[in-house]
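Residue numbers (numbering that gives the first Met the number 0), protein chains in the order written: chain A, 0 to 298; chain B, 0 to 243; chain C, 0 to 338. Working notes for the structure below.
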Amino acid sequence: MTNLLLFVEAPVLLIQVILDGVLVGALFALAAYGLALVWGVMNIINIVQGELVLLGGYVALTVVGAGLSPFMAIPIAAAVLFIVGWLLYRGVIFRVVEKDLFTSVLATFGLSILIAQLINQGFGADVRSIDSGLGTWLFFDGIVSVSQARVVAFVLALLIGAVLVIFLRVTRLGRAIRATAQNARAARALGVDTGQVYAWTYAINAAICGAAGALIVMIWVIQPFGGLLYTVRAFMIVIVAGLGNVVGVIGAALGLGAAETFVGFVFGTQFQAAFVFSLLVVILVARNVRLARQRRYLR
Amino acid sequence: MSALLDVRAISKRFGGVVANERITLTVAPGEIVGLIGPNGSGKTTLFNSITGQHPIDEGSISFDGHEISTLRVSAIARLGLIRTYQQTRVFRRMTARANMLASAPAERGAMFRRPTSAERDRADDLLAFVGLGEKRLLPAGELSFGQQKLLEFAMALMRGPRLLLLDEPTAGINPTLINRLAEHLRRANKELGVTLLVIEHNMPVVMALASRIYCLAHGELLAEGAPEAIRNDPRVIDAYLGAR
Amino acid sequence: MTSRQRSLSCGFLTIALALAAPFVVPALKVQLAILCIMIVLALTWDALGGQMGYNSFGNVLFFGIGMYASALVQVGLFHDVGAYTAASGTGTFEFSRAQYFVGLALGLWAAPFVAVAVASLLGAGLLGLRGHYFAIATLGLGIAGGEFAASWEYVGGASGFQLPLFPGDFDDRALSFYALALALAVVTFLVLRFLYAGRFGLVLNAIRDDEDKAEALGLYTVRHKVVAWCVVAFFVGCAGAIFGNLNGLIEPREVAFSGATFGVWMVLMAILGGKGTPWGPVLGAVVFYGMKELFWTYLFGWQRVALGILIVVIVLFFPAGILGSLRARRAPATTERRG
Numbered sequence: 000m001t002n003l004l005l006f007v008e009a010p011v012l013l014i015q016v017i018l019d020g021v022l023v024g025a026l027f028a029l030a031a032y033g034l035a036l037v038w039g040v041m042n043i044i045n046i047v048q049g050e051l052v053l054l055g056g057y058v059a060l061t062v063v064g065a066g067l068s069p070f071m072a073i074p075i076a077a078a079v080l081f082i083v084g085w086l087l088y089r090g091v092i093f094r095v096v097e098k099d100l101f102t103s104v105l106a107t108f109g110l111s112i113l114i115a116q117l118i119n120q121g122f123g124a125d126v127r128s129i130d131s132g133l134g135t136w137l138f139f140d141g142i143v144s145v146s147q148a149r150v151v152a153f154v155l156a157l158l159i160g161a162v163l164v165i166f167l168r169v170t171r172l173g174r175a176i177r178a179t180a181q182n183a184r185a186a187r188a189l190g191v192d193t194g195q196v197y198a199w200t201y202a203i204n205a206a207i208c209g210a211a212g213a214l215i216v217m218i219w220v221i222q223p224f225g226g227l228l229y230t231v232r233a234f235m236i237v238i239v240a241g242l243g244n245v246v247g248v249i250g251a252a253l254g255l256g257a258a259e260t261f262v263g264f265v266f267g268t269q270f271q272a273a274f275v276f277s278l279l280v281v282i283l284v285a286r287n288v289r290l291a292r293q294r295r296y297l298r
Numbered sequence: 000m001s002a003l004l005d006v007r008a009i010s011k012r013f014g015g016v017v018a019n020e021r022i023t024l025t026v027a028p029g030e031i032v033g034l035i036g037p038n039g040s041g042k043t044t045l046f047n048s049i050t051g052q053h054p055i056d057e058g059s060i061s062f063d064g065h066e067i068s069t070l071r072v073s074a075i076a077r078l079g080l081i082r083t084y085q086q087t088r089v090f091r092r093m094t095a096r097a098n099m100l101a102s103a104p105a106e107r108g109a110m111f112r113r114p115t116s117a118e119r120d121r122a123d124d125l126l127a128f129v130g131l132g133e134k135r136l137l138p139a140g141e142l143s144f145g146q147q148k149l150l151e152f153a154m155a156l157m158r159g160p161r162l163l164l165l166d167e168p169t170a171g172i173n174p175t176l177i178n179r180l181a182e183h184l185r186r187a188n189k190e191l192g193v194t195l196l197v198i199e200h201n202m203p204v205v206m207a208l209a210s211r212i213y214c215l216a217h218g219e220l221l222a223e224g225a226p227e228a229i230r231n232d233p234r235v236i237d238a239y240l241g242a243r
Numbered sequence: 000m001t002s003r004q005r006s007l008s009c010g011f012l013t014i015a016l017a018l019a020a021p022f023v024v025p026a027l028k029v030q031l032a033i034l035c036i037m038i039v040l041a042l043t044w045d046a047l048g049g050q051m052g053y054n055s056f057g058n059v060l061f062f063g064i065g066m067y068a069s070a071l072v073q074v075g076l077f078h079d080v081g082a083y084t085a086a087s088g089t090g091t092f093e094f095s096r097a098q099y100f101v102g103l104a105l106g107l108w109a110a111p112f113v114a115v116a117v118a119s120l121l122g123a124g125l126l127g128l129r130g131h132y133f134a135i136a137t138l139g140l141g142i143a144g145g146e147f148a149a150s151w152e153y154v155g156g157a158s159g160f161q162l163p164l165f166p167g168d169f170d171d172r173a174l175s176f177y178a179l180a181l182a183l184a185v186v187t188f189l190v191l192r193f194l195y196a197g198r199f200g201l202v203l204n205a206i207r208d209d210e211d212k213a214e215a216l217g218l219y220t221v222r223h224k225v226v227a228w229c230v231v232a233f234f235v236g237c238a239g240a241i242f243g244n245l246n247g248l249i250e251p252r253e254v255a256f257s258g259a260t261f262g263v264w265m266v267l268m269a270i271l272g273g274k275g276t277p278w279g280p281v282l283g284a285v286v287f288y289g290m291k292e293l294f295w296t297y298l299f300g301w302q303r304v305a306l307g308i309l310i311v312v313i314v315l316f317f318p319a320g321i322l323g324s325l326r327a328r329r330a331p332a333t334t335e336r337r338g
């Protein structure tokens with residue numbers, strides 16, 4: 000808590016903290032947008048989202064280990080995860096699509112446990128990271144340092160997001176996806192192969208997560224059991240922003256990133272995860288209470 | 000004669016759509032009142048407003064002297080105002096008998112006790128009353144739509160309501176059984192003292208059953224009166240035939 | 000044989016087996032004790048999930064709270080907890096025989112009540128959530144518990160909390176905790192049966208089948224939900240206290256508040272056996288735990304992966320559970336009498 004006093008002594012530290020948080024928030028936004036996509040189209044809450052992000056990071060690790068540049072790793076991770084997503088859909092997810100949401104939560108939670116264990120077997124439990132090879136910019140006499148990699152990741156994340164939004168709006172597949180999201184039965188009646196649409200949607204989501212993971216491993220660390228934290232972040236952002244709201248997702252994501260980093264700085268990084276998980280509970284309960292009030296209870 | 004249900008000038012809007020516009024309606028104790036109107040005229044919305052399923056935008060609703068427009072759904076139900084649903088809602092995985100026992104009124108401290116034999120008898124009697132005696136051990140979800148409607152009606156009676164709001168009780172019922180159901184309603188009113196407010200599309204049934212009828216159209220109260228008057232009211236006829 | 004006779008004979012058979020087991024397979028005493036804990040977790044999960052329709056991933060919060068509460072009492076009565084955890088519970092902190100057993104007895108009593116206290120605080124807010132929101136909120140809650148415990152140095156932080164050692168040999172210890180766990184499992188089963196047989200069970204099932212309808216009938220849904228939640232917290236808290244002592248070391252993320260192990264296992268055991276049936280969770284616990292132990296023995300290295308696969312398989316292919324599939328295969332006219 001003495002860290003709080005540091006803000007008084009050097010207010011620019013606040014800028015550092017907020018900036019760090021906002022920059023990483025863009026990556027949360029990517030994962031959140033993918034989660035919202037799968038939720039809106041397939042009515043599945045994809046708990047394994049975080050592990051898909053991690054997998055992207057581990058693919059990037061492997062790629063960089065083989066000698067390629069970290070930035071090459073991004074499209075490779077996206078491609079590999081696209082295939083993984085497609086296989087996951089054809090193998091497991093398709094069975095869960097038409098069922099109730101709890102079954103999807105349970106099934107994808109099972110998958111998340113399975114994949115986390117597989118990653119652990121394959122890569123070990125240590126935290127891993129990649130050196131992006133980029134430097135840092137210094138401001139305010141060196142008090143505020145901004146990692147160039149973070150800025151690049153931020154820009155790339157927003158770029159990928161923009162490409163996705165345009166894709167959904169302009170291409171035929173994108174329109175088929177949006178039609179299925181609105182009314183699957185009507186889409187089927189109009190000749191849309193909803194099975195294919197689901198597969199594409201899930202695979203695209205996985206690809207987005209892969210890219211996000213490849214970016215995250217450059218600016219942060221990854222470890223096999225950190226997936227749920229990403230999933231919960233993505234879920235919270237979607238809840239706060241609402242399913243169709245792209246701008247809201249970005250705003251909520253950046254906000255979450257900043258809040259999380261702030262808490263980590265003031266209370267210690269070991270509290271960061273605790274903050275995220277309890278914030279989830281608070282947000283859900285608060286939102287519910289607000290909705291309940293619209294039914295105007297007497298109490 | 001003070002009204003049991005006193006709905007005063009209530010309005011309900013959903014976004015830009017006005018579902019109910021300044022509706023005023025009263026039901027006296029012991030009456031059977033009908034509520035008719037073409038589809039989309041706001042009848043079910045009115046029921047939802049009365050039972051507390053959503054807040055109203057204007058007006059007040061008074062039941063047995065209590066203002067209920069700000070009360071929770073379960074609080075309103077505990078005052079003795081029970082409704083049935085157009086789509087029929089029962090507890091599908093429980094047996095018909097269990098449905099009935101769950102509907103039994105219970106005192107405050109009675110959370111953990113077993114159902115009494117009096118309750119069991121009453122449940123079986125009411126099931127027999129609606130003709131479901133033989134089906135009482137079947138899961139409610141396995142009953143036909145018409146049987147579920149009867150079960151829902153029996154559950155409502157089991158609760159011992161003062162006022163029962165019925166949403167299209169004869170819809171989906173085999174025509175040969177409609178008269179029997181109408182007879183059940185009449186008996187519930189006469190013998191059990193249950194006041195009824197009934198939404199119905201089946202004109203012969205509602206005209207024969209109700210002592211007063213309200214007609215809704217486009218969210219507004221169009222006409223009110225005795226069945227004969229309503230039957231011959233040109234505005235009502237227009238509303239149903241679509242002429243504006 | 001009526002269903003009631005069938006149930007009673009199942010009960011007697013199970014008790015007989017359970018009493019004989021530690022003497023027939025003495026090497027498995029610890030596993031049997033853990034099996035009883037698993038049965039309690041499955042039964043309590045089913046009370047919320049199978050009977051009431053509220054699928055919780057966060058019961059593990061009470062497991063961990065019970066564990067820590069008992070541990071704090073057991074140590075705190077005789078030593079300064081802060082100093083104890085700073086020294087990682089080693090060496091200088093002795094517990095006499097009497098101190099151990101008094102501490103254990105009081106700890107086992109404190110654990111469920113602390114758990115219920117927390118449950119009643121959280122219940123009103125959480126139980127207003129429906130369906131998958133409840134599932135995810137409870138998931139977050141369970142894991143948040145672990146994160147907070149791991150960050151709290153007073154109770155040992157991430158390295159955990161070492162419990163006082165049982166004054167006796169391994170076999171006595173295993174037998175004692177088996178007895179405790181078995182007693183808990185039996186009491187939990189009987190209490191839940193009692194609740195289900197009364198109006199409480201009817202209202203719970205009504206909430207599961209159609210909560211809005213239950214409200215519209217005037218049933219006291221909130222009251223029932225919170226009571227069920229607190230009953231669950233009580234027994235899960237007890238289970239946590241016993242398990243903590245059995246394990247010896249309470250590690251916040253892996254043992255006490257582990258969403259990915261106990262937290263999800265209790266869901267699977269109830270589903271595997273048959274959600275919403277009286278014996279389903281028991282059967283599911285036995286089968287699931289049995290398979291888990293087999294994996295640990297024969298698939299070492301890959302046991303966790305195998306368990307992950309099992310989880311997915313159960314969810315996808317056995318949603319009705321063992322008892323559910325059996326019931327569907329019997330003639331549909333023979334439904335069990337309820338009420």
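Just so it is clear, CB atoms sit at the ideal spot from N, CA and C, and this is done for glycine as well.
Query                                                                                                                                : Result
Meets three-Cβ-pair contact criterion under 8 angstroms: the stretch 212 to 231 of chain C and the stretch 102 to 119 of chain C     : yes
Secondary structure of residue 6 of chain B, DSSP reduced to three states                                                            : strand
Listed by chain order, chain A residues near residue 360 of chain C by CB distance under 7 angstroms                                 : Residue 360 of chain C cannot be examined here, being either before or after the span of chain C that is shown, 0 to 338.
Residue 275 of chain C beta carbon less than 8 angstroms from that of residue 284 of chain C                                         : no
Whole-Å CB distance - residue 156 of chain B paired with residue 125 of chain B, under 8 angstroms assumed                           : 6 angstroms
Short CB-CB distance (under 8 angstroms) between residue 197 of chain B and chain C                                                  : no
Proximal residues to residue 174 of chain A (C-beta, below 6 angstroms), its chain only, five neighbours per side dropped            : none
Residue 115 of chain B versus residue 2 of chain C - alpha carbon distance                                                           : 20 angstroms
8 angstroms Cβ cutoff, residue 287 of chain C in contact with chain A                                                                : no
Whether residue 33 of chain A touches residue 182 of chain A by CB criterion (8 angstroms)                                           : no
Whole-angstrom distance between residue 71 of chain C and residue 218 of chain C, CA atom to CA atom                                 : 40 angstroms
Alpha-carbon to alpha-carbon, residue 108 of chain A and residue 125 of chain A                                                      : 22 angstroms
Given residue 159 of chain C as reference, the closest of C:7, C:63, C:202 and C:204 once Cα atoms are compared                      : C:63
Option in C:51, C:22, C:170 and C:13 with minimal Cα separation from residue 191 of chain C                                          : C:51
Between the CA atoms of residue 25 of chain A and residue 283 of chain A - distance to the nearest angstrom                          : 22 angstroms
Own chain, CB closer than 8 angstroms to residue 93 of chain B, minus 5 neighbours either side, in chain order                       : 101, 138 and 139
Whether residue 162 of chain C touches residue 241 of chain C by CB criterion (8 angstroms)                                          : no
Touch test, the stretch 129 to 136 of chain C against the stretch 85 to 103 of chain C, Cβ-Cβ under 8 angstroms, three pairs minimum : no
Where the stretch 31 to 52 of chain A meets chain C: residues whose CB sits under 9 angstroms from a CB there                        : 44 and 46
Three or more C-beta pairs below 8 angstroms linking the stretch 53 to 64 of chain A and the stretch 213 to 223 of chain A           : yes
DSSP three-state assignment for residue 136 of chain A, whether helix, strand or coil                                                : strand
Three-state secondary structure assigned by DSSP to residue 194 of chain B                                                           : strand
From B:76, B:74 and B:59, residue whose alpha carbon lies closest to that of residue 68 of chain B                                   : B:59
The alpha helix (DSSP H) enclosing residue 191 of chain A, as first and last residue numbers                                         : Counting along the chain, residue 191 of chain A falls outside any alpha helix (DSSP H), and DSSP gives it neither H nor E.
Three CB pairs or more closer than 8 angstroms across the stretch 271 to 278 of chain A and the stretch 135 to 144 of chain C        : yes
Selection of the stretch 187 to 201 of chain C by Cβ proximity to chain B, strictly under 8 angstroms                                : 193, 194, 196, 197, 198, 199 and 201
Cβ contact (3+ pairs, closer than 8 angstroms) linking the stretch 194 to 207 of chain C and the stretch 27 to 36 of chain C         : no
Listed by chain order, chain A residues near residue 42 of chain C by CB distance under 8 angstroms                                  : What residue 42 of chain C touches in chain A: nothing, since even the nearest Cβ is about 19 angstroms away.
Element boundaries [alpha helix (DSSP H), containing residue 69 of chain C]                                                          : 59 to 75
Residue 305 of chain C versus residue 13 of chain C: straight-line alpha-carbon distance, rounded                                    : 29 angstroms
Cβ pair residue 148 of chain C, residue 256 of chain C closer than 8 angstroms                                                       : yes
Simplified DSSP assignment, three categories, for residue 50 of chain A                                                              : helix
Where residue 65 of chain B sits in the DSSP three-state scheme                                                                      : strand
Residue of C:300, C:269 and C:208 minimising C-alpha distance to residue 95 of chain B                                               : C:208
Helix, strand or coil at residue 25 of chain B according to DSSP, with G and I counted as helix                                      : strand
Members of the stretch 130 to 151 of chain A near chain C, C-beta cut-off 9 angstroms                                                : none
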